[in-house]
Every structure is written in C-alpha cells, then in structure tokens.
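Everything below concerns the one structure shown next.
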Amino acid sequence: MADVYTKERALEREVARTVEHGLPQVEVLAVELLGPERFCVYVDHPQGVDHALCERVTRLLDGYRSRYAIDVSSPGLERPLRKPAHFAGAVGRRVAIRTAGAIEGRKRFRGEVVAASEADVTIRVDASSVEIPYGAIVRGNLIDEG
7 MADVYTKERA LEREVARTVE HGLPQVEVLA VELLGPERFC VYVDHPQGVD HALCERVTRL
67 LDGYRSRYAI DVSSPGLERP LRKPAHFAGA VGRRVAIRTA GAIEGRKRFR GEVVAASEAD
127 VTIRVDASSV EIPYGAIVRG NLIDEG
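Going letter by letter, the sequence shown gives residues 7 to 152 in our numbering.
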C-alpha cells in the first residue's frame, strides 16, 4: 500500500501542477489510482464542475494517456479531503479516513471532524478524539449523510 500511496501522491503533485497552471481557477482535490494503468482526477471550480470542464482537464492531461486511462470527476457528495484547508472546511461533518499505518491500533476511522490544524486533523470516534497527522492519511472523504 505504501508504494501505491507514494506513487499516487507523486502523480497528484504532477497532475495538480499541470491542471492548475493550465486552468487557474480549477483545484485538483485528489488523484486516485484505480489500477496500474488508470487514475481518476477529482477537480473543483468556483462555478461548479460540468462535462465541458472535465473535457478541458482531460485534454490538459494528454501527455499521460500513453500510460494511463484517465477519468476526471467532480468531487461529488463524498468529496475527497487531502489538504489541511479541506479538513478545516469539514469541521462538524462526518468523515472516513484511512491511514498508511496504525494510529491507536487502527487504520480506518469514521467520525466527526472536531478540529483541523496545519499539522493534523482531530476526529471524534465514538466517545474519544483521535489526532491524525495529514502525512499519515492515505484517503479522506466526507460521509454523505443525505
């Protein structure tokens, strides 16, 4: 898992640099490897994400198409959380977090975000709070309670 996570994060940095330079108002929220030859880019835009924007992002990523099939998507209801600002915006909301290594004996957490600093996020799980450093997080998403 650590190798996949490392590859995913490197790819996310490259893709974000390309997309955010080419389309300055677009934010790359996350890049997730869906297999050895496929990845999904989750993007957001102040005016929302539509099919035309997804097409523009896909065209910007043409250089990757010889190695990968590429999906481009809006964040959806279970929006990816990767950056401190994403977690800060989720205070009071329920999230699912998966970590690379065990924290307090586990790697998967579901709970309410109670605080988000520059270094870690604190979530309430059952009756206790757990601080999770951002560097340990492999996946983080809002939980759709709709």
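Glycine residues also receive a C-beta, built at the ideal position from the N, C-alpha and C atoms.
Is residue i helix, strand or coil when you go by DSSP?
i     : result
Leu39 : strand
Arg71 : coil
Leu59 : helix
Glu33 : strand
Using DSSP bridges, identify the partner residues of residue i.
i      : result
Ile193 : No answer is possible for residue 193: the residues shown for the chain start at 7 and end at 152.
Arg44  : Gly41 and Ala75
Asp150 : Answer is none; Asp150 lacks a bridge partner.
Asp50  : Glu33
I think residue i touches residue j, with their Cβ atoms under 8 Å apart; what is that distance to the nearest whole Å?
i      : j      : result
Arg116 : Arg100 : 7 Å
Val136 : Ile129 : 6 Å
Gln31  : His57  : So it is not a contact: roughly 17 Å between Cβ atoms.
Is it the case that the region 118-137 contacts the region 62-73, given that we only count it when at least three CB pairs across the two stretches are under 8 Å?
no
Should the region 74-87 be called in touch with the region 22-37, which here means at least 3 C-beta pairs below 8 Å?
yes
What are the start and end residues of each continuous beta strand (DSSP E) run of 3 or more residues lying completely inside the region 79-141, in chain order?
100-109, 112-122, 126-131 and 134-139
Spell out a yes or no on whether the region 40-48 and the region 75-82 are touching, meaning 3 or more CB-CB pairs, one atom from each, closer than 8 Å.
yes
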